[in-house]
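Here's the structure, in structure tokens; my notes come after.
In our numbering, the protein residues as written are 1 to 286.
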């Protein structure tokens with residue numbers, strides 16, 4: 001299954017991340033405005049494929065701009081596919097995402113758990129401190145005015161119980177907020193899960209095969225290129241000059257598609273058939 005999946009993603013022009021790259025990203029375990037905890041022992045195996053690099057702007061709160069925040073630029077993978085199997089599950093999970101920052105791979109895993117940031121801990125600390133302060137004030141007032149041990153112990157017990165309950169419910173509330181934040185964060189980045197992810201990957205393959213075949217056909221018209229190396233250089237130069245992007249054009253995939261569709265005038269010289277002839281050949285192939 002993994003071999004077939006790897007072949008499918010290679011046809012869609014994805015690149016597999018190495019184990020070192022995945023481990024470095026997972027162990028970094030920190031995202032913008034989101035903290036995630038990962039237990040690597042729960043993961044049986046994990047593979048990640050990526051395609052396309054770019055940048056997106058995110059708003060991040062800083063000490064200088066604690067409310068409004070400031071815009072920062074993050075390097076992202078335009079498309080990312082993840083295949084993972086957890087240690088306690090016989091099932092394989094396949095997911096496809098879009099515009100994922102390079103340091104957020106850990107948030108994509110199904111066993112990721114949102115954890116509290118320092119800001120969350122400060123909120124709990126000050127909330128508990130407020131309760132403790134109010135309780136201490138009452139205790140001092142009673143100790144000064146009424147020296148009744150039973151009442152003193154009762155107030156102490158109530159104050160301690162109140163502090164404990166507020167801390168517990170505050171912790172649960174913060175955890176829910178973080179899980180909601182993670183869910184909302186991944187919802188907008190997800191393109192497909194499992195069966196829908198495979199359908200999405202098939203769509204990627206069809207698009208990539210079509211683009212490669214069209215580029216190969218256009219540059220093989222009129223005997224512009226006579227070798228695979230010349231074809232690759234010509235297409236890559238055109239894409240760089242026209243769109244200012246650097247790509248590694250898959251010449252073999254383009255020629256394989258043109259061979260399958262039989263749109264050649266002279267295959268040995270890489271001379272494609274003229275459009276009128278090619279249309280007839282494509283109609284016959286269909």
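Here a beta-carbon is modelled for each residue, glycine too, at the ideal position from N, C-alpha and C.
Computed from a predicted structure; not experimentally measured.
Outcome for residue i when other beta-carbon atoms lying within 10 angstroms are tallied against a minimum of 16
{"i": "residue 7", "result": "exposed"}
{"i": "residue 243", "result": "exposed"}
{"i": "residue 235", "result": "buried"}
{"i": "residue 188", "result": "exposed"}
{"i": "residue 251", "result": "buried"}
{"i": "residue 197", "result": "buried"}
{"i": "residue 59", "result": "exposed"}
{"i": "residue 30", "result": "Model confidence at residue 30 stands at a pLDDT of 47, short of 50, so the residue's coordinates are unreliable and nothing is read from them."}
Cβ pair residue i, residue j closer than 9 Å
{"i": "residue 222", "j": "residue 271", "result": "yes"}
{"i": "residue 84", "j": "residue 96", "result": "no"}
{"i": "residue 77", "j": "residue 99", "result": "yes"}
{"i": "residue 215", "j": "residue 249", "result": "yes"}
{"i": "residue 50", "j": "residue 14", "result": "yes"}
{"i": "residue 311", "j": "residue 276", "result": "Since the first residue shown for the chain is 1 and the last is 286, residue 311 is missing from the structure and cannot be characterised."}
{"i": "residue 201", "j": "residue 12", "result": "yes"}
{"i": "residue 74", "j": "residue 102", "result": "yes"}
Straight-line gap, residue i to residue j (C-alpha atoms, nearest Å)
{"i": "residue 213", "j": "residue 257", "result": "6 Å"}
{"i": "residue 263", "j": "residue 273", "result": "6 Å"}
{"i": "residue 72", "j": "residue 203", "result": "32 Å"}
{"i": "residue 255", "j": "residue 48", "result": "28 Å"}
{"i": "residue 80", "j": "residue 240", "result": "24 Å"}
{"i": "residue 267", "j": "residue 92", "result": "43 Å"}
{"i": "residue 34", "j": "residue 44", "result": "Residue placement at residue 34 is poorly supported in this model, since its pLDDT is 47, which falls under 50; the coordinates are not used for a value here."}
{"i": "residue 199", "j": "residue 22", "result": "25 Å"}
{"i": "residue 1", "j": "residue 94", "result": "12 Å"}
{"i": "residue 232", "j": "residue 253", "result": "11 Å"}
{"i": "residue 87", "j": "residue 46", "result": "11 Å"}
{"i": "residue 70", "j": "residue 19", "result": "34 Å"}
{"i": "residue 227", "j": "residue 17", "result": "31 Å"}
{"i": "residue 192", "j": "residue 280", "result": "37 Å"}
{"i": "residue 220", "j": "residue 205", "result": "22 Å"}
{"i": "residue 9", "j": "residue 64", "result": "43 Å"}
{"i": "residue 90", "j": "residue 194", "result": "14 Å"}
{"i": "residue 207", "j": "residue 68", "result": "41 Å"}
{"i": "residue 286", "j": "residue 265", "result": "19 Å"}
{"i": "residue 245", "j": "residue 230", "result": "19 Å"}
{"i": "residue 259", "j": "residue 284", "result": "14 Å"}
Which residues DSSP lists as bridging residue i, in chain order
{"i": "residue 47", "result": "83"}
{"i": "residue 193", "result": "95"}
{"i": "residue 266", "result": "271"}
{"i": "residue 72", "result": "58"}
{"i": "residue 100", "result": "77"}
{"i": "residue 16", "result": "49"}
Sequence-distant residues of the same chain with beta carbon closer than 8 Å to residue i, five excluded per side
{"i": "residue 282", "result": "261 and 263"}
Cβ-based neighbour list, residue i, same chain, cut-off 7 Å, excluding 5 preceding and 5 following
{"i": "residue 247", "result": "236 and 239"}
{"i": "residue 269", "result": "223 and 226"}
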